[in-house]
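Report on the following structure.
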Amino acid sequence: MKKLFAAILALCMMMTACAFAEGTLTMGTNAHFPPYEYYEDNQVIGIDAEIAAAIAAKLGMDLEIVDTDFDTLVPSVAAGKYDFAMAGMTVTEERLQSVSFSVTYATGVQSIIVKEDSPITGVDDLYAEGAAYVVGVQQGTTGDIYCSDDFGAERVMQYKTGNDAVAALVAGKVDCVIIDNNPAKAYVDANEGLKILDTEYVEEEYAIAINQTNTELLEKVNAALEELIADGTVDAIIAKYIPVE
Ligand code: GLN
């Protein structure tokens, strides 16, 4: 009798668990982009991870986060490998050719990191006649695309992660790193002898990339995200990771 009761109880618990999680949402990201996504105790945390978890909760789904190279995210979402990608990803015309984007939830500014004693004082120095400064970027990012367009491929060194680009700057292999402002602050805080120039390169909007054929998911994600923006959840998550100075 006891055994039967235990079995029924276990069955009920399984059924409730199923009722709460109607499947899993798979999120592709590159978890080396603090404060949006990074590792703490072997777990991916950050603004994007928390917003994604809040969206999944609203949709009654579980969230699985897959860490991969940034430049594979858009093609993988287009190929249906992940349900969506969230990676401090900027909405661009080129990406819109292959994926849909949700409403935006944050903005970023491309910033320039240099060594404290660098002769580079602003973006104009990079454009100056005869300038040969080499810029480190994260491969496939907007920083990479703008710099390659503006300065030519021979003056751009691409790295797999922002961390790797910053390590190259510390090691003197590149003259500066161009990357989104909040990750730039995190990298400068984590490394001695670096600073961010008081100059802005390009301003952009972050959104969630979703497969173009999955209009149902796009609508659901947008509805959830709009609610989370309206009720202050998104602001609270951002404030938790980016304290107002
Ligand atoms: N915002 C930049 C882009 O979308 C960088 C994103 C990232 O490196 N995770 O290209």
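All letters in the sequence shown, in the order written, are residues 0 to 244 by numbering that gives the first Met the number 0. C-beta atoms are modelled at their ideal positions from N, C-alpha and C, and glycine is treated no differently.
Quick one: which unbroken beta strand (DSSP E) runs of 3-plus residues sit fully inside the stretch 17-51? Chain order, please.
Segments of the beta strand (DSSP E) lying fully in the stretch 17-51: 23-28, 37-39, 42-44.
Mark Leu227 as exposed unless 16 or more other C-beta atoms lie within 10 angstroms of its C-beta, in which case mark it buried.
Locating residue 227 in the sequence shown gives position 228, counting from the first residue. Buried.
Do Pro182 and the ligand GLN come close, with the Cβ less than 8 Å from some heavy atom?
In the sequence shown, the residue the question calls residue 182 occupies position 183. True, at least one ligand heavy atom lies under 8 Å from that Cβ.
Answer with buried or exposed for Val243, where buried requires no fewer than 16 other C-beta atoms within 10 angstroms of its C-beta.
Your numbering for residue 243 matches position 244 in the sequence shown. Result: exposed.
Comparing the CB of Gly45 with every heavy atom of the ligand GLN, is any distance shorter than 8 Å?
Numbered from 1 along the sequence shown, position 46 holds the residue referred to as residue 45. Result no, Cβ not under 8 Å from the ligand GLN.
With a threshold of 8 Å, establish whether the CB of Asn29 neighbours any heavy atom of the ligand GLN.
Against the sequence shown, residue 29 aligns to sequence position 30. Yes, Cβ of Asn29 sits closer than 8 Å to a heavy atom of the ligand GLN.
Quick one: residues in its chain with C-beta nearer than 6 Å to the C-beta of Tyr240, no 5 flanking neighbours on either side, listed in chain order?
The sequence position of residue 240 within the sequence shown is 241, counting from 1. Correct list, in chain order: Pro34, Ile46.
Drop a sphere of 10 angstroms on the beta-carbon of Tyr72, count the other beta-carbons inside from all chains shown, and report buried for 16 or more, exposed for fewer.
Indexing the sequence shown from 1 puts residue 72 at position 73. According to the sequence displayed, residue 72 carries Leu and not Tyr. That one is buried.
Look up Leu58 in the DSSP assignment and say whether it is helix, strand or coil.
As a position in the sequence shown, residue 58 is number 59, starting the count at 1. DSSP places Leu58 in coil when its eight states are reduced to three.
Which value, in whole angstroms, describes the spacing of the CA atoms of Ala164 and Thr198?
Against the sequence shown, residue 164 aligns to sequence position 165. Against the sequence shown, residue 198 aligns to sequence position 199. Computed Cα separation, rounded: 19 Å.
Taking Cβ to Cβ, would you say Ala208 is nearer than 9 Å to Val98?
Working through the sequence shown from its first residue, we reach residue 208 at position 209. Working through the sequence shown from its first residue, we reach residue 98 at position 99. Yes, they are a contact pair.
One question on the structure: do Asp149 and Tyr132 come within less than 9 Å of each other, judged by their Cβ atoms?
Sequence index remark: in the sequence shown, residue 149 carries index 150 (1-based). Sequence index remark: in the sequence shown, residue 132 carries index 133 (1-based). No, these two residues do not count as a Cβ contact at 9 Å.
Within 10 angstroms of its Cβ, does Val233 collect 16 or more other Cβ (buried), or is it exposed?
Looking up residue 233 in the sequence shown gives position 234. Under this definition Val233 is a buried residue.
With distances taken from CA atoms, which of Thr214, Gly171, Glu218, Ile111 is nearest Lys184?
Here residue 184 refers to the residue found at position 185 when the sequence shown is read from its first residue. Selected option, being the one with the closest Cα: Ile111.
Say whether the stretch 135-142 touches the stretch 162-181, bearing in mind that this needs 3 or more beta-carbon pairs closer than 8 Å, one atom from each stretch.
The stretch 135-142, when compared against the stretch 162-181, does touch it at the 8 Å Cβ threshold.
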